[in-house]
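J.: Each protein sequence line maps, in turn, to chains A and B. Okay, so the first sequence: first residue is 1 according to the working numbering, each after it adds one. Okay, so the second sequence: first residue is 1001 according to the working numbering, each after it adds one. Take a look at the following structure, please.
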Amino acid sequence: MPSVSVVQDLGGGRTLVQVVGGTYDGSMVVLTPASERSGIRSISWYLEGDGLPAPTRRAPMSPADRANELLESLLCQKQLEDWRRRKHFWVRTPRGSVELGTVSHLRFIDSTRDRELILCVLPGGDNDEARLPEADIWTNLLLMLHSDPERFFRTANWRYPKDRTWWWGPIPG
Amino acid sequence: MGVMRVLDSTGDTTVAWEIDDQAAVKQAEELFARLAAERKIPFARAAGAPAEEAERIKAFDPSAEEIIWVRPITGG
């Protein structure tokens, strides 16, 4: 079982150690404090003669970035390409496709009626104190639309593209 | 390791558990019940799976890799 031998205290909570035994016998390793690892195990290899890397700390992600990361992880390849290029993407349902990306203006191409409608659907409870980052709105709608599209269409307020009047759901059959 | 993500103003708040850690599993289960009582909606997916593979669930599954909590939808 390999062990480590302390070589030098580097300060800032970092310690240079040498691996003793095992596959990496003789290798030099910089141990970093848990707070620098952001919950992910990491090992910095120190190559003799090289300057030591400066301590790296992953900058905390902004709410927008966290939300975006989660949303992107849920998208298929085509959706991801569209999202990255134009911040919109289409979601297919048995009744037609819905475009997510503009709040209160979801394009719905209803293939069963050969028409286009504009929908407005939002996550509930989105008040000032509990405002979701925008990408979370799309995550919310994406999952709900996939799991129960008919409920989505029943819930939506809607209007015709050239008409400013909004109608309460459900979408006319 | 299982992870629960609750969409909120920070992006999402995460709670993780190891399946063989009974205390952590119990805490996650209690959180599940609390969020369900708040009428939030849970979707389970394998880590990194696309939305079309996520499944709406009704009970806590400690073997789920990731559970994402969203809000009920409303007409805007």
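Glycine included, each C-beta is placed from N, C-alpha and C at the ideal position. Fair warning: this is a prediction, and the values are worked out from it, not measured in the lab.
To the nearest angstrom, how far is it from the Cα of Met61(A) to the Cα of Gly13(A)?
T.: Here the question's residue 61(A) lines up with position 61 in the first sequence. Here the question's residue 13(A) lines up with position 13 in the first sequence. Going by the C-alpha atoms only, they are around 23 Å apart.
J.: Can you pull the chain A neighbours of Val1070(B), defined as C-beta to C-beta under 8 Å?
T.: Within the second sequence, numbered from 1, the residue matching residue 1070(B) stands at position 70. Under the 8 Å cutoff, chain A gives Pro123, Thr139, Asn140, Leu143 and Met144.
J.: Relative to the alpha-carbon of Gly26(A), which residue among Lys78(A), Gln8(A), Val4(A) and Asp9(A) has its alpha-carbon at the smallest distance?
T.: For the purposes of this step, residue 26(A) is identified with residue 26 of the first sequence, where counting begins at 1. Checked all of Lys78(A), Gln8(A), Val4(A) and Asp9(A); the closest Cα to Gly26(A) is Val4(A).
J.: State the DSSP-derived secondary structure class of Glu99(A), mapped to helix, strand or coil.
T.: As a working mapping, residue 99(A) is identified with position 99 in the first sequence. Strand.
J.: Using a C-beta cutoff of 7 Å, does Glu1052(B) count as contacting chain A?
T.: Along the second sequence, read from residue 1 onward, the residue named residue 1052(B) stands at position 52. At a cut-off of 7 Å, the C-beta of Glu1052(B) has a neighbouring C-beta in chain A.
J.: As an exercise, report each continuous beta strand (DSSP E) stretch of at least 3 residues that is fully enclosed by the stretch 59-112 of chain A, in chain order.
T.: Counting only runs of 3+ residues, the beta strand (DSSP E) found wholly inside the stretch 59-112 of chain A occupies 89-93, 96-100 and 106-110, in chain order.
J.: Ile1041(B) to Ala1051(B), Cα distance in whole Å?
T.: As a first step, residue 1041(B) must be located in the second sequence, where it is residue number 41. As a first step, residue 1051(B) must be located in the second sequence, where it is residue number 51. Roughly 14 Å separates the two Cα atoms.
J.: Using the Cα positions of Ala1044(B) and Trp167(A), report the straight-line distance between them to the nearest angstrom.
T.: Translated into positions along the second sequence, residue 1044(B) becomes position 44. Translated into positions along the first sequence, residue 167(A) becomes position 167. When rounded, the distance between both Cα atoms is 33 Å.
J.: Note down, in chain order, every chain B residue with its Cβ under 7 Å from the Cβ of Trp168(A).
T.: Translated into the one-based positions of the first sequence, residue 168(A) becomes position 168. The contacting residues are Gly1075.
J.: When we look at the beta-carbon of Pro172(A) and count the other beta-carbons within 10 Å, is it buried (16 or more) or exposed?
T.: Residue 172(A) sits at position 172 when you count from the first residue of the first sequence. Burial is judged here by how many other beta carbons sit within 10 angstroms of a residue's own beta carbon; Pro172(A) has fewer than 16 and is exposed.
J.: Would you say Thr1014(B) lies against chain A (beta-carbon separation less than 7 Å)?
T.: The residue given as residue 1014(B) occupies position 14 in the second sequence. Not closer than 7 Å to any Cβ of chain A, the Cβ of Thr1014(B) fails to qualify, so no.
J.: Which one or two residues does DSSP pair with Thr15(A) in a beta bridge?
T.: As a working mapping, residue 15(A) is identified with position 15 in the first sequence. In DSSP, Thr15(A) forms a bridge with Asp9(A) and Leu31(A).
J.: Output, in chain order, the set of chain A residues within a Cβ distance shorter than 9 Å of Arg1034(B).
T.: Walking along the second sequence from the start, residue 1034(B) turns up at place 34. Within chain A, no residue comes near Arg1034(B); the closest Cβ sits about 15 Å away, beyond 9 Å.
J.: Cα separation between Val1003(B) and Leu1035(B)?
T.: Along the second sequence, read from residue 1 onward, the residue named residue 1003(B) stands at position 3. Along the second sequence, read from residue 1 onward, the residue named residue 1035(B) stands at position 35. Between Val1003(B) and Leu1035(B), the C-alpha separation is close to 14 Å.
J.: If you follow the beta strand (DSSP E) that Pro161(A) is in, where does it begin and where does it stop?
T.: Translated into positions along the first sequence, residue 161(A) becomes position 161. Looking at the DSSP string, Pro161(A) is not in any beta strand (DSSP E), and its letter there is neither H nor E.
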